[in-house]
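I have placed the structure first, in the form of structure tokens, so that the comments after it can refer back to it.
Numbering (the working numbering), first residue to last: 3 to 232.
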């Protein structure tokens with residue numbers, strides 16, 4: 003049986019090593035995407051619905067942040083969380099929390115930009131009717147979120163997919179410690195370098211399946227978003 007066959011066997015038998023790495027990857031990436039969405043939503047509401055001086059400049063900043071290389075974010079996170087850094091005393095470096103924070107920073111501008119695009123597709127007549135009824139900013143924002151819900155969920159999924167496949171930054175702040183901070187991408191790199199191709203292939207297959215599942219979910223969400231926008 004070749005490496006590919008052994009990889010399928012590892013998946014089929016629910017090998018503990020595979021489950022441990024996949025579970026950690028899903029946990030930190032979901033947490034990072036949720037954190038990015040938590041901070042990105044109010045930002046997007048302000049940029050998408052608000053009218054204030056400097057709004058266009060802030061939107062340009064968000065778009066520019068999308069271009070920052072992940073490895074640079076990893077370096078900055080390492081300096082902030084490492085010994086001697088502003089948050090070094092918290093002891094977060096080389097922990098899952100450090101991965102979550104770094105991945106959230108990476109996902110934040112992407113998720114925010116997609117949120118802004120989603121709010122711009124909301125029917126302005128709906129928002130005008132809400133304002134005319136005497137509703138305050140909170141209720142207007144609530145109406146916009148409800149109208150754009152499918153697109154917002156799709157944006158969150160996109161952010162999740164973005165951080166799930168990140169390797170270099172995750173390795174920098176997480177340390178790739180077996181059983182503690184080893185994610186799917188860092189495990190694939192480590193196992194390949196040591197010649198354990200069956201485990202690397204098993205994780206690669208599962209990572210590919212997860213990516214396909216996210217893309218299928220996005221395909222189902224797109225028509226609904228378009229229908230709501232029309």
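The C-beta atom is built at its ideal place from N, Cα and C for all residues, glycine as well.
Identify the continuous alpha helix (DSSP H) that holds residue i and give its terminal residues.
i	result
residue 168	No alpha helix (DSSP H) contains residue 168, which DSSP labels as neither H nor E.
residue 96	Unbroken run through residue 96: none, as it is neither H nor E.
residue 75	72 to 83
residue 130	126 to 134
residue 148	139 to 149
residue 45	18 to 51
residue 179	From DSSP, residue 179 is part of no alpha helix (DSSP H); its letter is neither H nor E.
residue 194	186 to 195
residue 5	5 to 14
Taking the straight line between their C-alpha atoms, what separation do you get for residue i and residue j?
i	j	result
residue 43	residue 58	17 Å
residue 116	residue 60	15 Å
residue 171	residue 67	16 Å
residue 122	residue 165	25 Å
residue 215	residue 34	19 Å
residue 74	residue 112	16 Å
residue 26	residue 184	8 Å
residue 88	residue 107	17 Å
residue 140	residue 110	22 Å
residue 224	residue 85	45 Å
residue 146	residue 28	29 Å
residue 220	residue 92	37 Å
residue 49	residue 193	44 Å
residue 135	residue 129	10 Å
Going by Cα to Cα distance, which pick from the options is closest to residue i?
i	options	result
residue 4	199, 212, 183	199
residue 175	150, 213, 135, 90	90
residue 10	150, 221, 168, 206	206
residue 155	105, 94, 195, 38	38
residue 127	142, 119, 83	142
residue 64	148, 212, 197, 41	41
Quick one: is residue i buried, meaning 16 or more other Cβ sit within 10 Å of its Cβ, or exposed?
i	result
residue 168	buried
residue 229	Legend: pLDDT at residue 229 = 47, less than 50; position of this residue unreliable, value from coordinates given subsequently. Exposed.
residue 179	exposed
residue 15	exposed
residue 182	exposed
residue 131	exposed
residue 227	Bear in mind that a pLDDT of 43 at residue 227, under 50, signals an unreliable position, so the model cannot answer this.
residue 18	exposed
At a cut-off of 6 Å, would you count residue i as near the ligand FMN, judging by its Cβ distance to the nearest heavy atom?
i	result
residue 158	Among the components of this structure there are no ligands whatsoever, and the ligand FMN is therefore not found.
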